[in-house]
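Heads up, the thing below is written out as structure tokens.
There are 2 protein chains.
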Amino acid sequence: MVPRIDALTREVVDLIAAVVARYHEEYEEAAAKHALTGAQAKVLALLAREPLPMRRIAQLLKCEPSNVTGIVDRLEARGLVERRPDPDDRRIKLAAATAAGLDTAGRLSESLDFAREPLAGLSAEERGVLRDLLRRMLGTGA
Amino acid sequence: MVPRIDALTREVVDLIAAVVARYHEEYEEAAAKHALTGAQAKVLALLAREPLPMRRIAQLLKCEPSNVTGIVDRLEARGLVERRPDPDDRRIKLAAATAAGLDTAGRLSESLDFAREPLAGLSAEERGVLRDLLRRMLGTGA
DNA sequence: CTCGATATTTCATGTTGTCAAGCAACCGGG
DNA sequence: CCCGGTTGCTTGACAACATGAAATATCGAG
């Protein structure tokens, strides 16, 4: 039998759940401000950094490639993203942010206030401690 | 020039994003183990604590009541949840977990390993520090 | 009793997600 | 070269989730 979770761990898990809920809420809200869904905002943010093959987007989003087709379709229909051929492999289609897409992505990341808001109450030193703890939490992955 | 968000805060935000992504992944996975979707698991977990009016579920899920109708429909079709009349107000329908629902909810929460896995690497003292930092992050949002 | 507010459902619609099937293009061994 | 297997993407059918508007039933105040 698995040992029971102690009260402290339980509380930390609940706090993490609260952080997750709040992060999501703010992310969707920020995306909606630009008439984007969460998934669309995520893809646009990825493509604002560099063009990516459809397959790669699916890997990063942990979903099926056929799903990415639809999301990119909608972004493309709004002129935020375009599909380009890959010069080295004609099977591959590179999704890339257009100028309008880059602009939207920029304004989107500015309105992601999750950064400033909840972390504002912590000192630089405390943020450093938090960073180290989160790093170690994520470090040993499965 | 002073960046809008310093590098340390940026990194903490990225780490939080990673935690959020991982939390979701594991939550969906745990739900899928019991043939539930994430939304269904969430509602079932709520109802395992106490019966709730449809409207209240919608508030807790931050979605429209009409959406809850469908989710509860699916849970009810599988015998995990039932709708009861509210003795005090005949407009209200109380969604309540059945015995089977309570059983599933119990096994579900056991398989939510997010607790043990990533936190296992931290000492009790470190978990205490993490708890305090998260509390303050969520506290007032000031 | 009547009127407005509340609780839920139904319907239409759109987005996200899966899976299976299909097509085009790459790549290896003959 | 060509052939067969693999890879990358799209299409189609379908389910779940989400919203908004409209319908129904009930409550509560005047």
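Keeping their order, the protein sequence lines are chains C and Y.
Mapped onto the working numbering, the consecutive letters of the first sequence carry residue numbers 1 to 142.
Mapped onto the working numbering, the consecutive letters of the second sequence carry residue numbers 1001 to 1142.
We put the beta carbon where it would ideally sit given N, CA and C, even for glycine.
Residue i and residue j look like a contact to me (Cβ under 8 angstroms); what is the Cβ gap, rounded to whole Å?
i                       : j                       : result
residue 11 of chain C   : residue 1131 of chain Y : 6 angstroms
residue 127 of chain C  : residue 134 of chain C  : In fact, because the Cβ distance is near 10 angstroms, the residues do not count as touching under 8 angstroms.
residue 1129 of chain Y : residue 129 of chain C  : 6 angstroms
residue 1016 of chain Y : residue 19 of chain C   : 7 angstroms
CB-CB under 8 angstroms to residue i, same chain, minus the five flanking residues each way: which ones, in chain order?
i                       : result
residue 36 of chain C   : 44, 104 and 108
residue 1041 of chain Y : 1027, 1030, 1031, 1034 and 1108
residue 1039 of chain Y : 1061 and 1071
residue 1112 of chain Y : 1026, 1027 and 1030
Can you list, in chain order, the residues of its chain whose CB lies under 6 angstroms from that of residue i, leaving out five sequence neighbours each side?
i                       : result
residue 1068 of chain Y : 1054, 1057 and 1058
residue 1084 of chain Y : 1094 and 1096
residue 1051 of chain Y : 1094 and 1096
residue 142 of chain C  : In this predicted model, residue 142 of chain C has a pLDDT of only 40, less than 50, meaning its place in the structure is not dependable; the value taken from the coordinates is given anyway. Counting only Cβ-Cβ distances below 6 angstroms, and skipping sequence neighbours, we find nothing.
residue 86 of chain C   : 92 and 94
Within this structure, are the beta carbons of residue i and residue j separated by less than 9 angstroms?
i                       : j                      : result
residue 1143 of chain Y : residue 25 of chain C  : The structure shown does not extend to residue 1143 of chain Y, since chain Y spans only 1001 to 1142, so no value can be given for it.
residue 1006 of chain Y : residue 124 of chain C : yes
residue 1139 of chain Y : residue 121 of chain C : yes
residue 48 of chain C   : residue 106 of chain C : yes
What does DSSP give as the partner residue(s) for residue i in the beta ladder?
i                       : result
residue 89 of chain C   : C:86
residue 81 of chain C   : C:97
residue 1053 of chain Y : Y:1094
Might you give, ordered along the chain, the residues of its own chain that have their beta carbon closer than 7 angstroms to the beta carbon of residue i, omitting 5 neighbours on each side?
i                       : result
residue 65 of chain C   : 54, 55 and 58
residue 1008 of chain Y : none
residue 82 of chain C   : 76, 96 and 98
residue 1046 of chain Y : 1052, 1057 and 1060
residue 74 of chain C   : 40
residue 110 of chain C  : none
residue 1117 of chain Y : none
residue 1 of chain C    : Its pLDDT being 49, under 50, residue 1 of chain C is placed unreliably by the model, and nothing is read from it.
*Okay, do the region 1070-1081 of chain Y and the region 1094-1110 of chain Y touch, 3+ Cβ pairs below 8 angstroms being the bar?*
Taking a cut-off of 8 angstroms on C-beta distances, the region 1070-1081 of chain Y touches the region 1094-1110 of chain Y, as three or more cross pairs fall below it.
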